[in-house]
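The block underneath contains the structure these notes are about, expressed in structure tokens.
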Amino acid sequence: MQNFTYVNATSIEQVPSLLGRSWDDAVVMAGGTDLLGEMKDFAAVPRRVVNLKSIEGLDYIRQDDAALSIGALTTLTDVLNHDAVSKDYTVLNQAVSVIASPQIRNMATLAGNILQRPRCWYYRSEDFPCLKKGGARCYAVGGVNTYHAIFGSGPSYIVHPSDAAPALMALGATVKIHGPRGGNEVVLDDFFTLPEMNIRRENILRPNEIVTELTIPKPEANSKGMYLKVRERDSIDFALVSLAAQMTVVNGTCERASLVFGGVAPVPWRAIEAERYLQGRRITESRAESAAEAAVEDAKPMPHNGYKVEIAKNLVRQAVMALAA
Amino acid sequence: MADRHDEARPDESSQSKNKTGTRFTRRGFLKGAGAGAVTAAVAPAILVSEAGKAAAQETEGVMSATVTLDVNGQSHNVEVEARTTLADALRDRLEITGPKVVCDRGECGACTVAMDGKLVFSCMTLAMDAQGRKIETVEGLADGDNLHPLQEAFIEKDALMCGFCTPGFLMSSKALLDANGDPTPEEVREGLSGNICRCGTYPHVFEAVTSAAEKMRKGG
Chain A
451 MQNFTYVNAT
461 SIEQVPSLLG
471 RSWDDAVVMA
481 GGTDLLGEMK
491 DFAAVPRRVV
501 NLKSIEGLDY
511 IRQDDAALSI
521 GALTTLTDVL
531 NHDAVSKDYT
541 VLNQAVSVIA
551 SPQIRNMATL
561 AGNILQRPRC
571 WYYRSEDFPC
581 LKKGGARCYA
591 VGGVNTYHAI
601 FGSGPSYIVH
611 PSDAAPALMA
621 LGATVKIHGP
631 RGGNEVVLDD
641 FFTLPEMNIR
651 RENILRPNEI
661 VTELTIPKPE
671 ANSKGMYLKV
681 RERDSIDFAL
691 VSLAAQMTVV
701 NGTCERASLV
711 FGGVAPVPWR
721 AIEAERYLQG
731 RRITESRAES
741 AAEAAVEDAK
751 PMPHNGYKVE
761 IAKNLVRQAV
771 MALAA
Chain B
2 MADRHDEARP
12 DESSQSKNKT
22 GTRFTRRGFL
32 KGAGAGAVTA
42 AVAPAILVSE
52 AGKAAAQETE
62 GVMSATVTLD
72 VNGQSHNVEV
82 EARTTLADAL
92 RDRLEITGPK
102 VVCDRGECGA
112 CTVAMDGKLV
122 FSCMTLAMDA
132 QGRKIETVEG
142 LADGDNLHPL
152 QEAFIEKDAL
162 MCGFCTPGFL
172 MSSKALLDAN
182 GDPTPEEVRE
192 GLSGNICRCG
202 TYPHVFEAVT
212 SAAEKMRKGG
């Protein structure tokens with residue numbers, strides 16, 4: 451890891467001025483569990499690192515009748531242990547429970563989890579100057595692409611590694627951003643960006659902006675959620691494919707379905723076709739199957755990752771039947 | 002045998018104090034053999050750190066500083082660069098070598114320590130961020146010559162082969178039992194999921210933790 455200048459930020463307002471115009475100038479650090487790994491692998495070589503942990507009052511979970519607000523410094527452990535999250539936000543609780551290990555969950559923040567950089571082995575290797583690092587090509591194309599994307603890709607084929615992001619997106623969460631011109635708020639669906647729009651990053655954040663809060667609207671009282679994650683190693687691993695599902699089913703009929711995949715696309719991937727298919731339909735096994743088919747209609751697997759299509763279908767079937775039961 | 006488990010032993014600190022004496026240790030030998038390389042690598046760091054010594058870490062920031070680390074109840078002043086991890090500061094500067102650096106990416110758990118009572122990876126924690134926090138390593142587990150019940154159980158249940166992962170497993174086991182004195186087998190596995198044993202002696206580790214929990218519940 452290259453040495454850097456370390457600055458303790460003392461307020462949210464101060465942060466944009468401590469950051470720079472490019473990602474090489476400066477980056478922010480909270481838990482650091484992703485950033486330090488990137489820096490050790492020279493995927494990120496910032497001249498300055500701005501510590502957010504020194505800002506007071508960013509570590510909170512506030513609850514009212516309409517929503518849950520989670521400050522940017524709230525750790526995954528605190529999210530996992532929060533009563534309201536386990537009671538009303540099952541899909542988020544389940545997603546956070548399968549993120550990494552106790553040590554990482556004690557260090558890493560919920561906001562940092564959705565801002566994770568790709569785990570692609572070409573991106574993380576110093577030997578491959580790939581598109582994401584300003585290079586000329588994506589080495590997953592023509593390389594070993596077992597863990598790469600089946601949706602939404604080109605010219606880069608990374609997958610978004612977050613478990614929390616699909617869950618938050620399934621719940622319709624919004625993210626508060628603070629930049630030089632103040633704050634704004636966007637829904638997560640509009641926060642993440644595909645490589646065709648933005649090859650170097652996975653979201654709309656600029657180098658001098660930070661995430662300050664996540665707000666999650668309270669799910670409808672009669673809706674249910676769950677998070678399913680398939681990984682090679684059950685103790686700790688990133689998802690091969692995961693699915694965050696939130697459904698409102700009344701008398702066997704689906705009123706609303708929110709289905710978001712992890713591990714299959716450069717962003718958390720909403721299965722819009724499956725959601726549309728399910729809406730207003732009575733749930734049966736054959737309709738769960740049709741929803742699964744609809745979910746993977748646009749899949750374009752690479753030579754080594756066709757298995758992800760089958761897993762994705764299975765997860766949709768499983769979640770739809772479980773949430774309709 | 003004793004030499005093989007040298008670094009995991011709780012009496013390491015007393016050994017390192019005696020390092021000028023006649024006792025031959027593996028660590029002492031390795032340090033002697035690698036002395037040339039170590040000096041070359043460390044020298045620039047010390048030069049840089051002079052500049053940052055007095056700087057307050059606000060607005061301008063620092064590339065190096067002297068931090069005070071509270072490790073197992075003892076205070077240590079140590080000069081570190083901004084990029085120095087807690088694991089490196091503990092091992093290379095303070096010779097507190099219980100925490101091991103294996104993957105150096107927060108995946109294997111060998112560097113696990115407790116910081117303000119919370120389990121963290123010291124390889125993914127900056128030394129500067131550990132300033133003023135209460136750091137506990139495996140060296141602090143035993144009470145003098147009296148091993149912690151978990152350490153006794155690891156010996157009794159043969160819960161280590163090469164022993165390199167053991168300090169991390171012990172710290173995770175302690176955090177687990179501090180929070181939950183009567184864990185189910187599933188909770189033990191979950192509590193230790195951040196630690197890898199490449200010898201694969203997991204069943205013995207789980208057995209040791211369960212047995213230590215039982216003993217501790219009975220006031221052992």
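Chains A and B, in that order, are what the protein sequence lines are. Residue 603 in our numbering sits at position 153 of the first sequence; the count goes up by one each step and never skips. Residue 120 in our numbering sits at position 119 of the second sequence; the count goes up by one each step and never skips. Virtual Cβ for every residue (Gly too), placed ideally from N, Cα, C.
Alpha-carbon spacing of residue i relative to residue j, whole angstroms
i: K101/B; j: I686/A; result: 20 Å
i: S708/A; j: T698/A; result: 9 Å
i: M64/B; j: E725/A; result: 51 Å
i: T643/A; j: H610/A; result: 11 Å
i: F688/A; j: G712/A; result: 10 Å
i: A620/A; j: E659/A; result: 24 Å
i: R512/A; j: C704/A; result: 30 Å
i: G562/A; j: G482/A; result: 8 Å
i: V700/A; j: N672/A; result: 8 Å
i: G74/B; j: E96/B; result: 15 Å
i: R656/A; j: G629/A; result: 8 Å
i: F454/A; j: L565/A; result: 21 Å
i: E735/A; j: A742/A; result: 11 Å
i: K668/A; j: L728/A; result: 22 Å
i: L171/B; j: L151/B; result: 7 Å
i: V710/A; j: V121/B; result: 30 Å
i: R651/A; j: I627/A; result: 16 Å
i: N648/A; j: K582/A; result: 9 Å
i: S123/B; j: D491/A; result: 17 Å
i: I722/A; j: V746/A; result: 10 Å
i: D117/B; j: R134/B; result: 6 Å
Secondary structure of residue i, DSSP reduced to three states
i: G220/B; result: coil
i: Q729/A; result: coil
i: F170/B; result: helix
i: K582/A; result: helix
i: S123/B; result: helix
i: M771/A; result: helix
i: K668/A; result: coil
i: I505/A; result: coil
i: N396/A; result: What the structure shows of chain A is the stretch from 451 to 775, and residue 396/A is not part of that stretch, so it cannot be assessed.
i: H149/B; result: coil
i: V759/A; result: helix
i: H205/B; result: helix
i: R567/A; result: coil
i: K158/B; result: coil
i: A144/B; result: Note on identity: in this sequence residue 144/B is Asp, with Ala being the wrong assignment. Looking at D144/B - three-state DSSP - the assignment turns out to be strand.
i: R681/A; result: coil
i: E735/A; result: helix
i: R574/A; result: coil
i: V766/A; result: helix
i: T185/B; result: coil
i: M451/A; result: coil
i: S740/A; result: helix
Beta-bridge pairing of residue i - partner residues as DSSP gives them
i: D71/B; result: S76/B and K135/B
i: W719/A; result: F711/A
i: Y456/A; result: V499/A and V63/B
i: H628/A; result: G633/A and I660/A
i: R512/A; result: S519/A
i: N653/A; result: F642/A
i: M697/A; result: K674/A and A707/A
i: N557/A; result: As written in the sequence, residue 557/A is Met, which differs from the Asn given in the question. Answer is none; M557/A lacks a bridge partner.
i: E82/B; result: S65/B
Contact belief for residue i with residue j at Cβ below 8 Å, rounded distance in angstroms
i: T662/A; j: G633/A; result: 7 Å
i: I136/B; j: V114/B; result: 6 Å
i: V759/A; j: A774/A; result: With a Cβ gap of about 23 Å, V759/A and A774/A do not count as contacting.
i: A599/A; j: P716/A; result: 6 Å
i: A459/A; j: S504/A; result: 6 Å
i: R94/B; j: V79/B; result: 5 Å
i: R732/A; j: G756/A; result: Between G756/A and R732/A the Cβ distance is about 32 Å, and since that is not below 8 Å, they are no contact.
i: L485/A; j: V495/A; result: Contact doesn't hold; Cβ gap of about 11 Å is too wide.
Exercise for the section: Evaluate the contact criterion for the region 694-711 of chain A versus the region 762-769 of chain A: three or more CB pairs, one atom per stretch, below 8 Å. Expected result: Between the region 694-711 of chain A and the region 762-769 of chain A there are three or more C-beta pairs closer than 8 Å, enough to call the two in contact.
Handout entry: Sufficient close CB pairs (3 or more, under 8 Å) joining the region 736-752 of chain A to the region 673-683 of chain A
Key = The region 736-752 of chain A is not in contact with the region 673-683 of chain A.
Practice task
Evaluate contact between the region 580-594 of chain A and the region 514-526 of chain A, counting only Cβ atoms and requiring at least three cross-stretch pairs below 8 Å.
Solution key: no
Exercise for the section: Take every Cβ of the region 536-555 of chain A, pair it with every Cβ of the region 572-581 of chain A, and state whether three or more of those distances are shorter than 8 Å. Expected result: no
Practice task
Spell out a yes or no on whether the region 135-152 of chain B and the region 184-197 of chain B are touching, meaning 3 or more CB-CB pairs, one atom from each, closer than 8 Å.
Solution key: no
Practice task
Examine the Cβ distances between the region 121-133 of chain B and the region 170-183 of chain B and report whether three or more of them are shorter than 8 Å.
Solution key: Result no; under three Cβ-Cβ pairs closer than 8 Å.
Practice task
Examine the Cβ distances between the region 206-219 of chain B and the region 181-194 of chain B and report whether three or more of them are shorter than 8 Å.
Solution key: yes
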